[in-house]
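Participant: Residues 1 to 665 (full-length UniProt numbering) are what the sequence shown spells out, left to right. The beta-carbon is built from N, C-alpha and C at its ideal position, and this holds for glycine as well. I'd like to ask you about the structure that follows.
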Amino acid sequence: MQLYCDSLTEYKRLATREVRIGDLLLGNFNAIRVQTMTTTDTMDTIATVEQSIRCIEAGAEMVRITAPSKKEAENLLNIKNELHKRGYNTPLIADIHFTPNAAEIAARIIEKVRVNPGNYVDKKKFEQIDYTDLEYAEEIDRIRDRFTPLVKICKEYGTAMRIGTNHGSLSDRIMSRYGDTPMGMVESAMEFLRIARNESYHNIILSMKSSNPQVMVQAYRLLVNVMMDEFGECYPLHLGVTEAGDGEDGRIKSAIGIGTLLEDGLGDTIRVSLTEDPEFEIPVCRDLVKRYTSRQEAIGNKESGISAIPKIPYSPFEYTRRHTNTVSNIGGKHVPVVVADFMKAATIRHEDLQAIGYTYNTETDKFTIADAAADYLYTGKKVLDFALPGTLKVICDHSTWLKAPDKEKYYPLFQSTEYLKSTDYSGTLNFVAVDVNEPASQELLQEIREDYTVVLCLYSSNPHAMPSVRRYVIDLMNQGITCPVILSVESNETTIDEQLIHFSTDSGALLLDGMGDGIWLMNEPERIRNQKVSGRTYLETKNNPQFINNTSFSILQATRTRISKTEYISCPSCGRTLFDLQETTAKIRSVTHHLKGVKIAIMGCIVNGPGEMADADFGYVGSGVGKITLYKGKEVVKRNVDSAIAVEELINLLKENNAWVEKTA
């Protein structure tokens, strides 16, 4: 095993224990299962059954239902019976946070229970406590006494269990000893797993969820590493980015977290947590899984052609950006740049740049520049016939650059062999495109080692593209070559979701490991079919440059490598939600979307309240029917605010904390 997976270069599923959930087998190289969670009131049997059926018919292989108290847990029997009566035998999962007696009831009825170790018989009051080793051990004993009855019931009834750790709901005990860290998440789950193993109960799945893909990926990798070290085996993994949000951002954030792990063979079941109707989560899940099903079929018993990695020069369990030299505004301590691809545009006009963040005013003859404005424009063989905005620069083919009038604004793109043969270079900045699937050119590596004007644009023609680019960057690191790298990803997928997944996974996975000083996304816009999500068409193909630009900045935002807009952490809703989450999220987004760098959490109930908001700056949390509690960080600022005025009160809170700016025209 290479730290956390069987191979960093070959596509291989991680071997895990096999778990039975009803008639469904999970782990042990069974198919990656997809699931979702209902948003209806669990006490409304028919509504929950009908929503479950919509999810099942969309492709859900398991359906999770909240059971916050004994009455909801008991009603799971009515829901299960009604589903069976209608001919549906899909396994049901009871979602438990705080209530052991509800879990013990549910475990006798349905096929699986999910418990959150940070909330289940542990304490969460946001207190720092200095435990002695003896006191800490006594707390573990207390948890064992309270948790063991559930384990025994699950063992007796053949019920599966997910030990589901959430980054934002680590207990005070774990936080006091491990801090707000991936290791704290892992230990929170391991404590419960050790108790279950002591009872010879192994029908267990684990998850390490966070709204931050960086934390989520590190925690899962660390969990595998710790399980293998302690037990010599792994339990199946349920993958998900919690509170991912809605629309493109929710899909991008989920694909980065889930896809990064699937790339390395981790993951036995997935859930994409979107603030949308649950049946809309399933197609995204299926598109994610399809990438690796088809890859496994394509590779078969063949090797990927990517050479093994003898030495990993970074830790996959913590973020450190690769050290590079600075070339113009690329590399070093600069945030990653965004390249807008206009290669296939027949012409490029002033107004075309609006799609990438530059709005031209004919009266003043000036451009207004947005926070999410591309840094470079690739024109291929074209030279623009108008003056560029001050910050925007052009990349063009080397032959075109030779004729370009302004060498301070235009920079050449070489193919690798072209770079080695040429005698004409920019004295400031030269881009070199490299297909990392081709054998590495030692001559090229030797040349770029000494050329501090070079920025590599890396892409791969290998079906296992991300690991092949990672392999090349690791070679650069091991050889001490510090030129910056732009991650170039081209997608030929035919739906928006598939393109978002492709872009997010292949570039996001590398950015999470500190590799990448820029992002350059390309696609075939004429191949894209318009697609409806939650009843809305969220992309017209004529807006393709805007789609690509927005996607680029959203990937950088989700990987926390460049912040250009407001970030929303919104839960996907469930039967505990106390207001219309989709409508409220849209309302809050409409009045706050201009607040660059501010993180706002929108949570349906107190379970997903101050804890699950994790690192949000401000929180809007349902605290009762028609009532909202507002948070600054994890501190309650205003309780029981009437929902009719709660958005206004949120704005006032932002103003009081100097987080508000007025919108510009």
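1) Would you report the Cα separation of residue 33 and residue 96, rounded to the nearest angstrom?
2) Would residue 338 and residue 375 qualify as a contact pair, given that the criterion is a beta-carbon distance under 7 Å?
3) Measure the C-alpha to C-alpha separation of residue 436 and residue 515 and round it to an integer number of angstroms.
4) Report yes if the C-beta distance between residue 94 and residue 67 is below 7 Å; otherwise report no.
5) Assuming residue 56 and residue 88 make a contact with CB atoms under 8 Å, what is their CB distance in whole Å?
6) Fully enclosed by the segment 1 to 58, which alpha helix (DSSP H) runs are 4 residues long or longer?
7) Nearest to residue 81 by alpha carbon, out of 236, 110, 271 and 313?
8) Under a three-way DSSP split, which group does residue 136 fall into?
9) Could you tell me the boundaries of the alpha helix (DSSP H) in which residue 172 lies?
10) Under the three-state reduction of DSSP, which class applies to residue 569: helix, strand or coil?
11) What is the residue span of the alpha helix (DSSP H) that residue 465 lies within?
12) Using the three-state DSSP reduction, which class does residue 160 fall into: helix, strand or coil?
13) Do you know offhand how far residue 282's Cα is from residue 64's?
14) Where do the ends of the alpha helix (DSSP H) carrying residue 442 lie?
15) Could you give the C-beta distance for residue 99 and residue 69, rounded to a whole number, given that I count them as a contact under 8 Å?
16) Please determine if the segment 362 to 381 and the segment 340 to 349 are in contact, where contact requires at least 3 C-beta pairs separated by less than 8 Å.
17) Taking the CB atoms as reference points, tell me whether residue 461 and residue 469 lie closer together than 7 Å.
18) Just list the residues that DSSP pairs residue 340 with in beta bridges.
19) Identify the continuous alpha helix (DSSP H) that holds residue 325 and give its terminal residues.
20) Pairs of beta-carbons, one from the segment 40 to 54 and one from the segment 497 to 507, closer than 8 Å: are there three or more?
21) Can you have a look at residue 645 and say buried or exposed, based on whether 16 or more other CB atoms are within 10 angstroms of its CB?
22) Rank 213, 656 and 112 by C-alpha distance to the C-alpha of residue 555 and give the top, closest one.
23) Roughly how many angstroms separate the alpha carbons of residue 650 and residue 8, rounded to a whole number?
24) Confirm, please, whether the CB-CB distance from residue 569 to residue 585 is below 7 Å.
25) Taking 8 Å as the limit between beta carbons, can you name the residues of its chain near residue 307, skipping five residues before and five after?
26) Please report the straight-line C-alpha distance between residue 537 and residue 79, rounded to a whole angstrom.
27) Alpha carbon to alpha carbon, how far is residue 484 from residue 117?
28) Suppose you measure from the CA of residue 172 to the CA of residue 211; what does that come to, to the nearest Å?
29) What's the gap between the Cα of residue 17 and the Cα of residue 227?
30) Would you call the CB atoms of residue 222 and residue 147 closer than 7 Å?
31) Leaving out the 5 sequence neighbours to the left and right, which residues in its chain are closer than 8 Å to residue 655 when beta-carbon positions are compared?
32) Give the secondary structure of residue 412 by DSSP, where H, G and I count as helix, E and B as strand, and everything else as coil.
33) Note the first and the last residue of the continuous alpha helix (DSSP H) segment covering residue 220.
34) Whole-angstrom Cβ separation of residue 444 and residue 488, contact assumed at under 8 Å?
35) So the candidates are 152, 199, 143 and 161; which of them puts its Cα closest to the Cα of residue 188?
36) Could you have a look at residue 522 and say whether DSSP puts it in helix, strand or coil?
Facilitator: In short, the structure shows the following:
1) Residue numbering aside, residue 33 sits at position 33 when the sequence shown is read from its first letter. Residue numbering aside, residue 96 sits at position 96 when the sequence shown is read from its first letter. So the alpha carbons of these two residues sit roughly 21 Å apart.
2) Residue numbering aside, residue 338 sits at position 338 when the sequence shown is read from its first letter. Residue numbering aside, residue 375 sits at position 375 when the sequence shown is read from its first letter. Yes, the Cβ-Cβ distance between residue 338 and residue 375 is below 7 Å.
3) Numbered from its first residue, the sequence shown carries residue 436 at position 436. Numbered from its first residue, the sequence shown carries residue 515 at position 515. Their backbone Cα atoms lie some 14 Å apart in a straight line.
4) As a first step, residue 94 is located in the sequence shown; it is residue number 94 there, counting from the start. As a first step, residue 67 is located in the sequence shown; it is residue number 67 there, counting from the start. Taking 7 Å as the Cβ cut-off, residue 94 and residue 67 qualify as a contacting pair.
5) By 1-based counting over the sequence shown, the position of residue 56 is 56. By 1-based counting over the sequence shown, the position of residue 88 is 88. Yes, they are in contact, since the Cβ atoms of residue 56 and residue 88 sit about 6 Å apart, within 8 Å.
6) 45 to 58
7) By one-based count along the sequence shown, residue 81 stands at place 81. Of 236, 110, 271 and 313, the residue nearest in Cα terms is 110.
8) The residue you call residue 136 lines up with position 136 of the sequence shown. Reduced to three states, the DSSP call for residue 136 is helix.
9) The sequence position of residue 172 within the sequence shown is 172, counting from 1. Start and end: 172 to 178.
10) Position 569 of the sequence shown, counted from the first residue, corresponds to residue 569. If DSSP states are grouped into helix, strand and coil, residue 569 belongs with the strands.
11) Start at 1 with the first residue of the sequence shown, and residue 465 comes out as number 465. Taken as a continuous stretch (DSSP letters only), the alpha helix (DSSP H) holding residue 465 covers 465 to 478.
12) Position 160 of the sequence shown, counting from 1, holds the residue named residue 160. Residue state, collapsed to three classes: strand.
13) Translated into the one-based positions of the sequence shown, residue 282 becomes position 282. Translated into the one-based positions of the sequence shown, residue 64 becomes position 64. Cα-Cα distance, rounded: 13 Å.
14) To locate residue 442, count along the sequence shown from 1; it is residue 442. Looking at the DSSP string, the run of the alpha helix (DSSP H) that includes residue 442 is 442 to 450.
15) As a first step, residue 99 must be located in the sequence shown, where it is residue number 99. As a first step, residue 69 must be located in the sequence shown, where it is residue number 69. At roughly 6 Å, the Cβ-Cβ gap stays under 8 Å, so residue 99 and residue 69 are in contact.
16) yes
17) As a first step, residue 461 is located in the sequence shown; it is residue number 461 there, counting from the start. As a first step, residue 469 is located in the sequence shown; it is residue number 469 there, counting from the start. No, Cβ-Cβ distance for residue 461 and residue 469 is not below 7 Å.
18) In the sequence shown, residue 340 corresponds to position 340, counting from 1. Paired residue(s): 377.
19) As a working note, residue 325 is residue 325 in the sequence shown. Here residue 325 belongs to no alpha helix (DSSP H), and DSSP marks it neither H nor E.
20) no
21) Along the sequence shown, one-based indexing puts residue 645 at 645. Exposed, because fewer than 16 other Cβ atoms sit within 10 Å of the Cβ of residue 645.
22) Here residue 555 refers to the residue found at position 555 when the sequence shown is read from its first residue. Comparing Cα positions, the closest option is 213.
23) As a working note, residue 650 is residue 650 in the sequence shown. As a working note, residue 8 is residue 8 in the sequence shown. Between residue 650 and residue 8, the C-alpha separation is close to 45 Å.
24) Counting from 1 along the sequence shown, the entry for residue 585 is found at position 585. Counting from 1 along the sequence shown, the entry for residue 569 is found at position 569. No, they are not a contact pair.
25) Position 307 of the sequence shown, counted from the first residue, corresponds to residue 307. Counting only Cβ-Cβ distances below 8 Å, and skipping sequence neighbours, we find 9 and 471.
26) Along the sequence shown, read from residue 1 onward, the residue named residue 537 stands at position 537. Along the sequence shown, read from residue 1 onward, the residue named residue 79 stands at position 79. Note that residue 537 scores 38 on pLDDT, short of 50, meaning its location in the model is unreliable and no value can be drawn from it.
27) Counting from one through the sequence shown, the residue named residue 484 turns up at place 484. Counting from one through the sequence shown, the residue named residue 117 turns up at place 117. Near 42 Å, if we compare the C-alpha coordinates of residue 117 and residue 484.
28) Position 172 of the sequence shown, counting from 1, holds the residue named residue 172. Position 211 of the sequence shown, counting from 1, holds the residue named residue 211. Cα to Cα, the separation comes out at about 20 Å.
29) Here residue 17 refers to the residue found at position 17 when the sequence shown is read from its first residue. Here residue 227 refers to the residue found at position 227 when the sequence shown is read from its first residue. Answer to the nearest angstrom: the Cα atoms are 12 Å apart.
30) Translated into positions along the sequence shown, residue 222 becomes position 222. Translated into positions along the sequence shown, residue 147 becomes position 147. Against a cut-off of 7 Å, the Cβ pair of residue 147 and residue 222 comes out as no contact.
31) In the sequence shown, counting from the first residue as 1, residue 655 sits at position 655. Here the set comprises nothing.
32) Taking the sequence shown and counting its residues from 1, one reaches residue 412 at position 412. Looking at residue 412 - three-state DSSP - the assignment turns out to be strand.
33) Along the sequence shown, read from residue 1 onward, the residue named residue 220 stands at position 220. Per DSSP, residue 220 belongs to the alpha helix (DSSP H) from 213 to 231.
34) If you number the sequence shown from 1, residue 444 lands on position 444. If you number the sequence shown from 1, residue 488 lands on position 488. The Cβ separation is near 16 Å, so there is no contact.
35) By one-based count along the sequence shown, residue 188 stands at place 188. Among 152, 199, 143 and 161, the Cα nearest to that of residue 188 is on 143.
36) Counting from 1 along the sequence shown, the entry for residue 522 is found at position 522. Of the three classes helix, strand and coil, the one that applies to residue 522 here is strand, per DSSP.
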